[in-house]
Every structure is written in structure tokens, then in C-alpha cells.
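Novice:
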Amino acid sequence: MKATFKLVTYKKSMEEKDGFAVTVITSFILVMAGAYLVIELKMNPFIIGIILIGYKYIIGPYIRKQFTDWVKERDITGIVEFFDDYLEVKNNTNSTKIFYAELESIYINYNHIKGKSFSAKDIIHNGLAEIKLYTKDEELKKFKFLIENENQINDLKPIWKNLYLSGIFIREKLGNHEHKTIMFDGDLTDDKLKSLMTELQVSSFYKPPLRHKKLN
């Protein structure tokens, strides 16, 4: 099994920009312009509708990609590959292997999938992920990578499950509000949590090793 992602410069901020002010101002301008075109110039409202749809699916996404949190080609510094027994971080100058047997805990914060939203009211996410690996020798290793499609998550899930089963403590957080996920799933009912605890052989998803609290 293998899951491959692009390595992103660690200087890239994890905080996603929602562009709320830009969206409100642009929407106001479009509404006012649309009203003027319909009332004063007698333009067909159908054409206005097409313009608004174009904004939603073309102009809006273009504006989102101009925000500073959006991962651009210049931010890519290499690749990250997850295998059954280890992961490998490769950049332009070197390559580092990290064996899972050396790890005691994993902390990951990720911003969904690049270019995707959970709903019509949700922002377009940048797909940036930050992972912190804490070894049994109390060494911290960390890097950032890019999630570009659902297939990458699906490739990672079997490996991720084995990490849970191996006894490594894993904490997953999604987005700016650090929503709790398990196996990259945020729909966590009580029954589902109990089922996952049994499936992954985990006594708790919330209590990290005491000496790792500084990473929470």
C-alpha cells in the first residue's frame, strides 16, 4: 500500500481565509448591478441569473485561489509517501524515512481537500495538512503536505487504520475550528465512536500520553 502527497513548505500557515468581507462586498455589488440592469436597462432576469451562477462557479473560486493561504506551485518542495511500515519525506536536497515502529503518537490537522467544500455555505478549502510525529525517544518530527483529492485519502486509510491498530495514539483535527475526526470521518455519533473503538482496538481517542500534552 502507498499514499502519495505533495510536500509543502512548513512556512505555509494552516489558518484558512474565509474571505467573508470580499464575498459580502462582491455579492452586494452584484445584487445592486443586477437590480439596475433589470429595472433601468430592462435586461432579461435570466441573463442576470447566468451571471450570478458564473460568479458562484467561476469568479468566486478564482478569487478564493488568490488568498495567501492557498497552496501554489511555489509552495511545493517535494513529496511525502506513506507505506505499510514507514513514511518517506523527499525534498530537493534529501530524503528522510520515518518508521512507524519508532512512533508513539501522531497529531494531524488538515483542511479537507483542496478545492472542495462541505456545503454551499462552506468555504473552498485549501487541502493543506500538518502532521506532527512524536517518537518513543521524545523526538518531534513535523511537516506539511497537500491533500488534492479523495483518492489520496482512500489510499491513506488502510495505512492509517494499521497505525491505530499498532497502538500509536492519533489525534485528528479538521479545519480552523479543529473539528474532531477519526479515520478522516467527522460524523461521529456515540454509537459510531464505540464501533470505531472496537474496530481500531483503542481505549480512548481523547487522552494522549501525558508527556505529549504540549502537542495538543
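Residue numbers (my numbering): 941 to 1156.
A virtual CB, placed ideally from N, CA and C, is assigned to each residue, including glycine.
Here the structure is a predicted model, which means the values were calculated and not measured.
Mind checking which residues open and close the beta strand (DSSP E) that includes I1071?
Specialist: Residues L1068 to T1075.
Novice: To the nearest angstrom, report how far apart I1053 and H1065 are at their CA atoms.
Specialist: In a straight line, the C-alpha of I1053 is about 6 Å away from that of H1065.
Novice: Check for me: the beta strand (DSSP E) holding I1035 runs from which residue to which?
Specialist: At residue 1035 the sequence reads Ser, which differs from the Ile that was named. That run of the beta strand (DSSP E) goes S1035 to F1039.
Novice: Nearest by alpha-carbon distance to I1038: which of I1071, K1097, F1058 and E955 is it?
Specialist: Closest by alpha carbon: I1071.
Novice: Within the same chain, show all residues whose beta-carbon is closer than 6 Å to that of M941, passing over the 5 residues directly before and after it, in chain order.
Specialist: So the list reads D1024, P1098 and I1099, once near-sequence residues are dropped.
Novice: Which stretch, first to last residue, makes up the alpha helix (DSSP H) that contains Y1002?
Specialist: G1000 to R1004 is the span of the alpha helix (DSSP H), which, as asked, contains Y1002.
Novice: Starting from the C-beta of E955, find all residues in its chain whose C-beta is less than 8 Å away, skip the five residues before and the five after it, and write them out in chain order.
Specialist: Answer for E955: D1009 and N1116, listed in chain order.
Novice: For G1107, count neighbouring Cβ atoms within 10 angstroms of its own Cβ and tell me buried if that reaches 16, exposed if not.
Specialist: Exposed, because fewer than 16 other Cβ atoms sit within 10 Å of the Cβ of G1107.
Novice: Which residues in the same chain as K1005 place their Cβ atom closer than 6 Å to its Cβ, once the five residues preceding and following it in sequence are excluded?
Specialist: Within the same chain, K1005 has no close Cβ partners at all.
Novice: Using DSSP with H/G/I as helix, E/B as strand and the rest coil, what is N1031?
Specialist: Reduced to three states, the DSSP call for N1031 is strand.
Novice: Can you tell me whether DSSP reads E1088 as helix, strand or coil?
Specialist: Looking at E1088 - three-state DSSP - the assignment turns out to be coil, as it is neither helix nor strand.
Novice: In angstroms, rounded to a whole number, what distance separates the CA positions of V1020 and D1131?
Specialist: Rounded to the nearest angstrom, the two C-alpha atoms are 34 Å apart.
Novice: With a threshold of 16 other CB atoms inside 10 Å of the CB of K1084, please say whether the residue is buried or exposed.
Specialist: The residue is buried, with at least 16 neighbouring Cβ atoms inside 10 Å.
Novice: Assuming I1093 and F1124 are in contact, meaning their beta carbons sit under 8 Å apart, how far apart are those beta carbons, in whole angstroms?
Specialist: About 5 Å; that satisfies the 8 Å criterion.
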